[in-house]
Each structure stands twice: as structure tokens, then as C-alpha cells.
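**Q** Under my numbering, residue 285 is the last one in the sequence shown; the count climbs by one each step, no gaps. We put the beta carbon where it would ideally sit given N, CA and C, even for glycine.
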Amino acid sequence: MRKQLWCAIFLGCNLSDKVLEIFKAAGAIKEGHFLLASGLHSPVYWEKFRILQHPHLTEKLCCLIARHFEGQKIDVVAGPTTGGIILAFETARQLGVRGIFAEKEGGVRVFRRDFEIVRGENILIVDDILTTGSSLKETINAVDKLGGIIVGIGVLVDRSEENLNFNLPFFSCLRAPTTVYSPQECPLCAAHIPLVKPGAPS
Ligand SMILES: [Zn+2]
Numbered sequence: 084m085r086k087q088l089w090c091a092i093f094l095g096c097n098l099s100d101k102v103l104e105i106f107k108a109a110g111a112i113k114e115g116h117f118l119l120a121s122g123l124h125s126p127v128y129w130e131k132f133r134i135l136q137h138p139h140l141t142e143k144l145c146c147l148i149a150r151h152f153e154g155q156k157i158d159v160v161a162g163p164t165t166g167g168i169i170l171a172f173e174t175a176r177q178l179g180v181r182g183i184f185a186e187k188e189g190g191v192r193v194f195r196r197d198f199e200i201v202r203g204e205n206i207l208i209v210d211d212i213l214t215t216g217s218s219l220k221e222t223i224n225a226v227d228k229l230g231g232i233i234v235g236i237g238v239l240v241d242r243s244e245e246n247l248n249f250n251l252p253f254f255s256c257l258r259a260p261t262t263v264y265s266p267q268e269c270p271l272c273a274a275h276i277p278l279v280k281p282g283a284p285s
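This is the structure we're talking about:
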């Protein structure tokens with residue numbers, strides 16, 4: 084029997100407010116002119132590693148994801164590099180299952196490092212900040228290729244401009260849509276504000 088998951092700090096408060104408070108307190112919400120991994124520009128950047136460097140904060144947020152999906156049979160939690168490595172590990176730890184990650188190899192996201200998905204296993208996909216959904220789509224494809232059955236997607240923050248429809252059960256700890264610009268139409272570029280490329284290339 085799985086032990087019941089419990090996120091005591093979220094009891095009796097508005098979930099979105101509490102999650103936003105955690106991100107703000109950790110200094111994760113940056114303002115400026117940022118180049119996102121998707122290639123789009125944004126006046127706001129959420130630096131997930133301001134959160135992920137703190138195991139106790141990561142634990143609390145993963146608890147929300149784990150608790151949302153705990154009624155499902157889950158065999159494996161999978162996430163895309165880099166933040167997804169930590170999130171998959173911690174969510175899997177709480178659910179008592181395996182945690183694996185998919186990384187880029189020759190432009191395609193795959194499971195390397197002898198990670199296995201047995202055909203028919205139930206997979207929960209997790210990720211940090213959702214903007215265009217490209218990392219998630221790539222991870223979905225990687226799971227599909229191995230014959231895993233995706234039972235849901237859980238993310239820390241859904242920043243997508245419009246609700247992306249993955250045709251899968253979806254949960255975000257926080258919905259916080261933010262404006263993004265294509266480089267050609269970016270008013271911050273037009274104003275000659277220096278462009279910052281945060282984080283790692285993957
Ligand atoms: Zn720009």
C-alpha cells in the first residue's frame with residue numbers, strides 16, 4: 084500500500100496564491116528581456132532552478148503533482164532534461180516508482196543511459212515551466228516509441244499563452260500565462276534592450 088501523500092503547507096489556502104508565493108520568495112520570477120529555449124522572447128523569465136536548488140521546495144511542489152495523480156496506477160515518472168530530471172526523480176520518490184529522463188540526441192529526445200520502459204507500463208510525464216510545450220511533446224514521442232502508456236502530464240507552472248491540448252490528463256501547480264514575442268515582433272528588441280539567454284541550452 085502506498086502511503087498517503089500529504090502537503091500540509093497547502094492546507095486551507097488558495098493553491099495558486101501559495102505556489103506563486105513560493106516562486107516569488109525564491110526569487111524565481113525575473114523581469115527583463117529574455118531568450119527562451121523555444122527561441123521566443125519574453126519580458127519575464129521563470130528561473131526554475133531558484134526552486135529546484137531547494138529540495139524542501141521541490142518536494143512540496145512535486146507533492147502536488149504526485150497527489151493529483153496518486154489514484155492512477157503509475158509505473159514510471161519521466162521528464163525532459165534538465166529540470167525534468169529532478170522533478171521526475173522527486174515525484175517518483177514520493178510515488179514509490181522509477182524516475183527517468185529523456186534527453187536530446189541528434190536533435191531527437193530519447194531515453195538513454197539504459198533507461199527502460201516496458202511496453203504497456205503507465206507513465207506520468209513531469210516538467211518544470213511549460214511555454215510552447217515542445218519539450219513535453221518530445222518526451223511524449225519518446226515514451227510512445229517505447230510503447231509506454233501516458234496517464235498524465237504534471238508541470239510546475241503552465242505559462243503557455245493558450246491552453247495547450249495534449250489530449251491527456253493535465254495538471255499544473257500554477258497557471259500563469261505570460262506574453263511571448265517572436266524575435267521579429269519583439270518590442271524589447273525594438274527598444275534595444277539587451278537580450279539575456281538564461282539557463283542551459285537544453
Ligand atoms: Zn526581443
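Just reading off the beta strand (DSSP E) that Gly-95 is part of, what are its end residues?
**A** Gly-95 -> no beta strand (DSSP E), and no H or E assigned at all.
**Q** Less than 9 Å separating the beta-carbons of Gln-368 and Gly-235?
**A** With the chain running from 84 to 285 in the structure shown, residue 368 is simply not present.
**Q** By how many angstroms is the C-alpha of Val-240 removed from the C-alpha of Asp-227?
**A** Near 24 Å, if we compare the C-alpha coordinates of Val-240 and Asp-227.
**Q** Give me the pocket residues for ligand 1, defined as CB within less than 5 Å of any heavy atom, sorted by chain position.
**A** After applying the 5 Å Cβ criterion, the set is His-124, Cys-269, Leu-271 and Cys-272.
**Q** When we look at the beta-carbon of Leu-257 and count the other beta-carbons within 10 Å, is it buried (16 or more) or exposed?
**A** Buried, by the Cβ-count rule.
**Q** Straight-line CA distance for Gly-203 to Asp-158?
**A** Whole-angstrom Cα-Cα distance: 10 Å.
**Q** CB-CB under 6 Å to Gly-182, same chain, minus the five flanking residues each way: which ones, in chain order?
**A** Counting only Cβ-Cβ distances below 6 Å, and skipping sequence neighbours, we find Val-160, Ala-171, Phe-172 and Ala-175.
**Q** Quick check on DSSP: helix, strand or coil for Leu-278?
**A** Here Leu-278 sits in coil by DSSP.
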